[in-house]
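Student: First, the structure itself, so that you have it in front of you.
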Amino acid sequence: MKALVTGAAGQLGIAISRRFGRDGKVVALTRAQLDIADHAAVLEVTRATRPDVIVNCAAYNDVDGAETDPVTAMMVNGFAVRSLATASREARATLVHYSTDFVFDGETDRPYDESSVPAPRSVYATSKLLGEWFAAEAPRHYVLRVESLFGGGAEPLGSGGRRRGSTLDKMVDAMLDGRPVRGFTDRTVSPSYVPDVATATHTLVAAQAPVGLYHCVNGGLATWFEVAREAATRLGCESLLSPITLDEVETPAVRPRFCALSNAKIVAAGAHLPAWEDAVTRYLTARSR
Ligand SMILES: NC(=O)c1ccc[n+]([C@@H]2O[C@H](COP(=O)([O-])OP(=O)(O)OC[C@H]3O[C@@H](n4cnc5c(N)ncnc54)[C@H](OP(=O)(O)O)[C@@H]3O)[C@@H](O)[C@H]2O)c1
14 MKALVTGAAG QLGIAISRRF GRDGKVVALT RAQLDIADHA AVLEVTRATR
64 PDVIVNCAAY NDVDGAETDP VTAMMVNGFA VRSLATASRE ARATLVHYST
114 DFVFDGETDR PYDESSVPAP RSVYATSKLL GEWFAAEAPR HYVLRVESLF
164 GGGAEPLGSG GRRRGSTLDK MVDAMLDGRP VRGFTDRTVS PSYVPDVATA
214 THTLVAAQAP VGLYHCVNGG LATWFEVARE AATRLGCESL LSPITLDEVE
264 TPAVRPRFCA LSNAKIVAAG AHLPAWEDAV TRYLTARSR
């Protein structure tokens, strides 16, 4: 299988390139090599590469910045995905595209499943929902909603090229440095361990699972405080952790409060996505090596 990976320098892009490279050929393109907002370039690269699958890891992820730069957010997260869908159709390739829990308003107390109705509350969230719709224009597509990604970057961690961009990565960095950490007690998520997302993505594509929308997260749910406490307990740093609520922090973009996602559909399709506690344990073990 030959994979074309866009946004290949991002935390998921690195992991996806490695996973698909293990048993296939990968053309991994960073933003400098392919700007997905350039429609002609997307078509040209796809024609030259002739991939079996296009995995789009590129995104405009500045949730707050999107409120004042909606054009870039819509272009990269929305309209560029239409170009990728067109290219996929022309190349008869499968398109994998990632979306987010932010497409929901968070006004619930039960995990969302794939039939739940989106209600985005920010520019970023709306741009990602647009991308979902455009991705579905590719005849063979997987739209995978992930959330609170952690543990991305070069694997195995610690062997150089480490990248610690996510919230949990930064929290663990702070704990290891003896700095205080605050975790939201009123934002509930289903965290997604990047290596597990990469493996699940490969499983779906390789098994030719039914196309469509999937929630690609680790099992279970937790508040950000609970996720941080799990890490703090294992590191013996509980005293560094204190609670905070969303109301205490002013942000330009609204954050949904309860955005746990059910992963039942993707697990039934054959993906292995263990409980988030298991993922945090493996993540901390990988970091300690
Ligand atoms: N991180 C999370 O917690 C999270 C949560 C929910 C959903 N997601 C989704 O998961 C996917 C992967 O996210 P991630 O955390 O791996 O993102 P990331 O680390 O921010 O990587 C995104 C990559 O896309 C590149 N990019 C930006 N604009 C581009 C363009 N016009 N053309 C080509 N590349 C471009 C970025 O390059 P530069 O660095 O040069 O800008 C970066 O390398 C995205 O679809 C994201 O929306 C992530």
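In the working numbering, the protein residues as written are 14 to 302.
Beta carbons are placed, not taken as given, at the ideal position from N, Cα and C, and that holds for glycine.
This one's a predicted model, so the numbers in the text were calculated from it and none came from an experiment.
1. Helix, strand or coil for residue 148, going by three-state DSSP, please let me know.
2. Please list the segments of the alpha helix (DSSP H) lying wholly inside the segment 248 to 283, counting only runs of 4 or more residues, in order along the chain.
3. Any idea what DSSP makes of residue 54, helix, strand or coil?
4. Once you ignore the five residues that flank residue 36 on each side, which residues in its own chain have a CB closer than 7 angstroms to its CB?
5. Report the rounded CA-to-CA distance for residue 82 versus residue 155, giving the unit in angstroms.
6. Given this structure, state the Cα-to-Cα distance separating residue 174 from residue 291, to the nearest angstrom.
7. Cutting at 6 angstroms between CB atoms, please list the residues of its own chain near residue 71, excluding the five before and the five after it.
8. Can you tell me whether DSSP reads residue 234 as helix, strand or coil?
9. So, are the CB atoms of residue 201 and residue 254 less than 8 angstroms apart?
10. To the nearest angstrom, how far is the alpha carbon of residue 124 from that of residue 193?
11. Locate the alpha helix (DSSP H) running through residue 228, then write down its first and last residues.
12. Could you tell me the distance, in whole angstroms, from the CA atom of residue 32 to the CA atom of residue 188?
13. If I'm right that residue 266 touches residue 76 with Cβ under 8 angstroms, what's the distance once you round it to whole angstroms?
14. What three-state label does DSSP hand residue 172 in the structure shown?
15. Would the C-beta of residue 72 count as close to ligand 1, meaning under 7 angstroms from any of its heavy atoms?
16. Taking all protein chains shown into account, do 16 or more other C-beta atoms lie within 10 angstroms of the C-beta of residue 84, making it buried, or fewer, making it exposed?
17. In the DSSP output, what is residue 16 paired with across the bridge?
18. For a quick check, are the C-beta atoms of residue 79 and residue 110 less than 8 angstroms apart?
19. Could you name the residues that DSSP lists as bridge partners for residue 73?
20. Determine the direct distance from the alpha carbon of residue 181 to that of residue 30, and round the result to whole angstroms.
21. Inspect the beta-carbon positions of residue 243 and residue 207 and report whether they are closer than 8 angstroms.
Tutor: Quick look at the numbers:
1. helix
2. 277 to 281
3. helix
4. none
5. 28 angstroms
6. Reliability of the predicted coordinates at residue 174 is poor, the pLDDT of 43 falling under 50, and no value is obtained from them.
7. 19, 20, 49
8. coil
9. no
10. 30 angstroms
11. First-last for residue 228: 225 to 228, but that is the beta strand (DSSP E), not the alpha helix (DSSP H).
12. 30 angstroms
13. 5 angstroms
14. No answer about residue 172 holds up, because its pLDDT of 37 lies below 50 and its placement is not dependable.
15. yes
16. exposed
17. 39, 66
18. no
19. None; residue 73 has no bridge partner.
20. 22 angstroms
21. no
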